[in-house]
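Written below as structure tokens is the structure these notes are about.
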Amino acid sequence: MPELPEVETMRRGVAAVTGSRIVRVERPACRKRPIAISPRIDVLNRRAEGQQIVSVDRIGKRVVLRLERGDALVIEPRMTGLVLLVGPPTTQHLRLRIQLSGGSTRELLFWDRRGLGTVRLLMAREFDAFYGPDRMGPDALVIDLKTLQSRLHRSRRAIKVALLDQRALAGIGNLYASEILHRAMIDPRRRCTGLNRGEWQRLHDAIREVLESAVQCEGSTLADGTYRNALNEAGGYQNHHRVYDRANELCLSCGEGVITRIVQAQRSTFYCRICQRRTAAR
DNA sequence: CCCCAGTCCTGCGGGC
DNA sequence: TGCCCGCAGGACTGGG
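Start counting at 1 in the first sequence, then tack on 8, and there's your number in this note's numbering.
See the structure below:
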């Protein structure tokens with residue numbers, strides 16, 4: 009679930025580790041199947057030990073700790089992962105403990121209930137193979153209209169599906185894709201090729217507006233309560249959701265349309281049949 | 001190029 | 001009451 013706003017909140021929450029040094033990275037004893045860590049933890053430690061963290065960045069939906077020798081420790085929370093500075097929600101799902109020195113923070117934690125998250129230490133020359141421009145599009149928070157349009161307008165896919173393509177633009181996931189298209193008043197089933205100039209403009213505005221508000225609210229904590237910021241506090245943007253997980257409820261914008269749930273590319277899409285009326289272009 | 005189905009994983013809730 | 005099954009969707013892979 010963590011998408012751009014949640015991961016950006018995590019990044020900001022742990023940015024204070026900048027300047028600290030990595031003492032040791034360890035996997036706490038955990039009855040669950042271990043998450044994917046590369047390279048092996050002993051090799052990772054040999055490379056990372058003693059290195060200073062020079063910045064905490066975000067690339068798409070990942071938190072990136074840049075190290076002084078050019079390495080990058082990339083944390084990918086996927087569905088249920090959290091990057092934390094304080095005690096985790098449960099000890100049994102604590103996956104990684106990064107011990108630090110030289111700053112105000114003693115340790116940085118990675119917690120993940122489902123264990124789909126990954127952690128990898130990449131050397132500078134490896135980085136682009138994983139997260140270079142061939143693999144990751146421009147960040148959704150800063151992409152400009154022309155770039156957005158040029159990256160998507162030739163695609164024959166439905167716009168909702170295309171927005172999830174991290175090579176086209178990075179950061180949007182299933183929840184925000186529905187919210188963005190509702191704000192832009194575009195039917196999620198429309199093909200990219202059929203969108204007109206005004207619709208691209210509305211889409212670009214909506215991407216910016218939805219993601220910026222969600223970042224301000226520190227992300228969305230859904231009913232399962234999993235997502236938390238670095239201090240284990242819930243986000244607030246769930247109170248601003250207009251369509252996500254609201255199937256069969258009335259649209260909060262027009263007050264008449266019923267929110268419909270459909271499945272696209274094996275994922276739920278929510279939209280208002282009235283606000284997001286399909287046009288002839290399909 | 002694009003699309004789809006399968007894979008990983010855990011906790012929850014519906015149905016019987 | 002208890003158990004099974006399907007679902008949630010991040011990213012990736014293999015096949016058409």
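Beta carbons: idealized from backbone N, C-alpha and C, even for Gly.
On the three-state DSSP scale, how would you describe Y279?
Note: Y279 maps to strand in three-state DSSP.
Under the three-state DSSP convention, the category R290 falls into
Unreliable positioning characterises R290 in this predicted model, as indicated by a pLDDT of 41, which lies under 50. A coordinate reading is not provided.
Can you give the beta carbon distance from W208 to Q157, rounded, assuming they're within the 8 Å contact cut?
The Cβ separation is near 5 Å, so the contact holds.
Quick one: grab the DSSP three-state call for T155.
Three-state DSSP puts T155 in a helix.
Give a yes or no on contact between the region 110 to 120 and the region 133 to 140, applying the rule of three or more CB pairs nearer than 8 Å.
Under the Cβ criterion (8 Å, minimum of three pairs), the region 110 to 120 does not count as touching the region 133 to 140.
Evaluate contact between the region 26 to 33 and the region 82 to 95, counting only Cβ atoms and requiring at least three cross-stretch pairs below 8 Å.
No, the region 26 to 33 is not in contact with the region 82 to 95.
Any chance you could list the beta strand (DSSP E) runs of at least 3 consecutive residues sitting entirely within the region 233 to 261, in chain order?
The beta strand (DSSP E) runs of length 3 or more contained entirely in the region 233 to 261 do not exist; there are none.
Using a Cβ-Cβ cutoff of less than 8 Å, which residues in the same chain neighbour Q107 once the five nearest sequence positions on both sides are dropped?
Excluding sequence neighbours, Q107 sits near I30, V31, R32, V33, E34, R114 and E115.
May I ask you to list the residues that DSSP assigns as paired with D65?
Note: D65 sits in a beta bridge opposite V72.
Just to confirm, are R250 and H190 a CB contact at a threshold of 9 Å?
In this structure, H190 lies closer than 9 Å to R250 by Cβ.
Every unbroken beta strand (DSSP E) inside the region 116 to 147 [3 residues or more]:
Runs of the beta strand (DSSP E) lying entirely within the region 116 to 147, each at least 3 residues long, are 126 to 130 in chain order.
Inspect the CB distances between the region 200 to 207 and the region 260 to 276 and report whether three or more fall short of 8 Å.
With the cut-off at 8 Å, the region 200 to 207 and the region 260 to 276 do not touch.
In three-state terms, what does DSSP make of R105?
Three-state result, R105: strand.
N-terminal and C-terminal residue of the beta strand (DSSP E) that Q272 is part of
Residues I267 to Q272.
Going by CA-CA distance only, name the one from I45, R122, T287 and L153 that's closest to D232.
Shortest Cα-Cα distance from D232 to any of I45, R122, T287 and L153 involves R122.
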